[in-house]
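First residue of the sequence shown: 307, per our numbering; consecutive thereafter. Just below is one structure, and these are the notes that go with it.
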Amino acid sequence: MNHLLHTPIEYLKGVGPARGAALRKELGINTYEDLIQCYPNRYIDRTRYYKVNELKNQPAEVQLIGKIITLKTVEQKRGKRLVANFIDDTGPMELIWFQGHKWIKENLPLNVPVVIFGKCTLFNQTYSMSHPEIELLKDHEQNLRSAMQPVYPSTEALGNKGITSRVMSRMMQQLFLETQNLFVETLPEYLLNELKLMPKKDALFNIHFPKSNEKLAQAQFRLKFEELFFIQLQLITKNLIRKHKIKGHAFTQVGEYFNTFFQNHLPFDLTSAQKRVLKEIRNDMGHPAQMNRLLQGDVGSGKTIVAFMSMLLAIDNGFQSCLMAPTEILANQHFLGLSELAQTLNLNIKILTGSTKTADRKIIHEELENGQLHILIGTHALLEDKVKFKNLGLAIIDEQHRFGVEQRSKLWQKNETPPHVLVMTATPIPRTLAMSLYGDLDISIIDELPPGRKPIQTVHRFDTNRLKVWKFIRDEIHKGRQIYIVYPLIQESEKMDFKDLMDGYESISRDFPLPLYSISIVHGKMKPADKDAEMKRFAEGKTNIMVATTVIEVGVNIPNASVMIIESAERFGLSQLHQLRGRVGRGAEQSYCILMTSHKLSSDTKTRIETMCRTNDGFEIAEVDLKLRGPGDIMGKQQSGVLNLQIADIVRDKEILLTARHEAVKLLKDDPSMLNPEHARLREIFLELSRKKNIWNYIS
Ligand code: ADP
Ligand code: MG
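Following this line, the structure appears as structure tokens:
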């Protein structure tokens, strides 16, 4: 962009040092260019003028044409206010000021035609407007003003400095006067033609001064597309660079272990989705570039076996593998499951967690370094400095949303040539979000459940119906089934939650007494060894009911447990509910999920509960969740940096995102370094953006 656009904002006529400082501080506007990119939040239709007698059912903000005929000060207990009488040819209304009296008294235009604009309220059968915007009709007619009046982002401090939307709009006007024709096109002409995009200059003008609704829509589309397009260019470029520059071990052969397992020990036929995903992984790891793949699959879709067989590929090529899980319970469970599989092949597999004894630790460290250990399963403990692999070829991270980005990259740095990385997540991420956040990762999706699963039946019950629910549980237990009862344990109110859990446990113990029934309990305050012992009792079928907090949320696999009861379900998020539900439906029996709530439910809660009762599809649930919560909330602050978008919204603008992605992929396929002359400008902006806003940092 031209250097004039880099002029400090203070220099713009009508801004000056005080307003300049406020703009810098409140909105981060430092230069002309920043101001032009401060887009309105919304627009108000100013084509319509109302009459006083029409005010009854009108929108909050309206404009009227008339005259102000009197002005008086009204003394009240709570201070003075200034009241003016405004009339048009249909009747009178009042204008009210609580502050700024001196200025109003000196400047209010009386008995001349004016346009007033603001929010109307009805009080004592008279309409009134407080702190209206007032403009002489003759000025109003002359001003560069469009039908759709922009409403700019604002803060209290800006308001106090008199920087209203109208003032912002005037600044924009000034800016356009001073910088006319400096806005150079940023996108190649063929893209503009192909997608019928409004030229940059027109888009900027129309976003601030829309000539019509239609023009505004075109301007918005163009600017949203541009924003998403440049982000995609950066993400995809990063991926390409990784593939070319970041070396990786090429696992050239599919060897003994993999083949023996596949031919003789596979416990079931793989689903076609599992086969497809394995092929993708195999293909990636066959090349001398680091794999960085996200494996998405709904709960129960069978990611574990895919992970195991990927490990075999590494081992076949003389490398070690590791699998990191977010909790000890989960690490243990993976260890138990995979040990069984590994035994059939005489592979050396061990587990390392916070509670691994020093003596065992030592052996693990040794075997890792001399290469005797093939597979290491564990928790965060795998990231400790002492853990050194001889040659780590594949690192698998389960349920990745629990791990921070930093931890992910730390794992890579353990060796000179980084291991291939496979990130598995059971909380499906909507496609658009995955694309925006993990555009640099390749994505594999297992979109098919193993055959013969009966869909879980989910119902909503109020606390007042508990007796019926208890009867249902009793019946299921008598049929030989096992039951989970889960309580929320959410940090802020931990003490109370803990009390709820223990109260619940006590009353369940009373309602399901020994020796007829036996109950396990697992919560975060227990020692890991005690937790494991309780889990084990339940897993072995020695207890009928497992009372627990969300520690059992991820991954736990006990096929005979067929009923999941979630207490205070209104307090759980959608993805958490779905995760919890995923603990049942793992065996041959019909499974059930019962969501218990009080009668008081917010509309969001109702949506969550209804969604859960309607569908078992994790991807559909993720979409609803994204709409309810927004992307930042879902991914956590750490990762949502990328999502600080100026104008686009990845939930609402999904289609535009898909188009931008598609175009970026196409462009970089033809011209990866953007060296083609028609991409010169694009390349320039791309480089400038990469310098300014290094989105790479956010991602890995
Ligand atoms: P998740 O994707 O949630 O981690 P798991 O890998 O734990 O799922 O698999 C869930 C259950 O399904 C396990 O008991 C596993 O043995 C079984 N399973 C996985 N794949 C298949 C398949 N192709 N056919 C039958 N059962 C399968
Ligand atoms: Mg799993």
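Yeah, the Cβ is synthetic: ideal placement off N, Cα and C, and Gly gets one too. Because the structure is a prediction, the values reported are computed rather than measured.
The shortest C-alpha to C-alpha distance from I681 to any of K386, D976, L651, E500 is the one to L651. I871 and I752 have their C-alpha atoms roughly 27 Å apart.
Within the stretch 876–909, the complete alpha helix (DSSP H) segments at least 4 residues long are 880–887, listed from N- to C-terminus. Between the ligand ADP and the CB of G847, the shortest heavy atom gap is not smaller than 7 Å. Annotated three-state conformation of M980 is coil, per DSSP.
Beta-bridge annotation (DSSP): A701 is paired with C628, V727. Distances taken from the Cβ of D748 to the heavy atoms of the ligand MG include none shorter than 7 Å. When DSSP states are grouped into helix, strand and coil, R384 belongs to the coil group. In the assembly as shown, A928 is a buried residue. Its beta-carbon has 16 or more other beta-carbons within 10 Å.
In terms of Cα proximity to E367, the closest of V457, L341, G334 is V457. Cβ atoms of F564 and E969 stay farther apart than 8 Å, at about 39 Å. Boundaries of the alpha helix (DSSP H) harbouring V930: 924–935, taken from the DSSP string. Per DSSP, reduced to three states, the secondary structure at G424 is strand. Three or more Cβ pairs closer than 8 Å define a contact, and the stretch 754–774 falls short of that threshold against the stretch 638–645. Between A595 and I552 a beta carbon distance of about 6 Å is seen, short of the 8 Å cut, so the two are scored as contacting. In summary, W403 is buried, with 16 or more beta-carbon neighbours lying within 10 Å of its beta-carbon over all protein chains present. Of the candidates I683, T662, T633, I683 places its Cα closest to the Cα of K656.
DSSP places M802 within a helical segment (H, G or I) once states are collapsed to three. By the beta-carbon neighbour count (other beta carbons within 10 angstroms, threshold 16), K383 is exposed. A buried status is given to D622, since no fewer than 16 other beta-carbon atoms sit within 10 Å of its beta-carbon. By the Cβ rule, the stretch 951–960 does not count as touching the stretch 758–769, because fewer than three pairs are nearer than 8 Å.
For F844, the uninterrupted alpha helix (DSSP H) segment begins and ends at 834–845.
Annotation: K609 is outside any beta strand (DSSP E); the continuous alpha helix (DSSP H) that includes it extends over 609–622. Ranked by Cα distance from S750, the first of D806, F844, M630, V583 is V583. A509 has its alpha-carbon roughly 7 Å from the corresponding atom of Q526.
For N598, the enclosing beta strand (DSSP E) starts and ends at 598–603. Shortest gap from the CB of A732 to any heavy atom of the ligand MG: under 7 Å.
For N391, DSSP records a beta bridge to T376, E400. If you compare the alpha carbons of E381, D781, M399 with that of L370, the shortest gap goes to M399. The criterion of a C-beta distance shorter than 8 Å is satisfied by A867 and Y790. As far as DSSP is concerned, L498 takes part in no beta bridge. Here I469 carries a coil assignment [DSSP, helix/strand/coil]. Rounded to whole angstroms, the separation of the alpha carbons of I422 and E412 is 18 Å.
Of the residues D748, R843, G891, the one whose Cα lies closest to the Cα of P757 is G891.
At least one heavy atom of the ligand ADP falls within 7 Å of the beta-carbon of D575.
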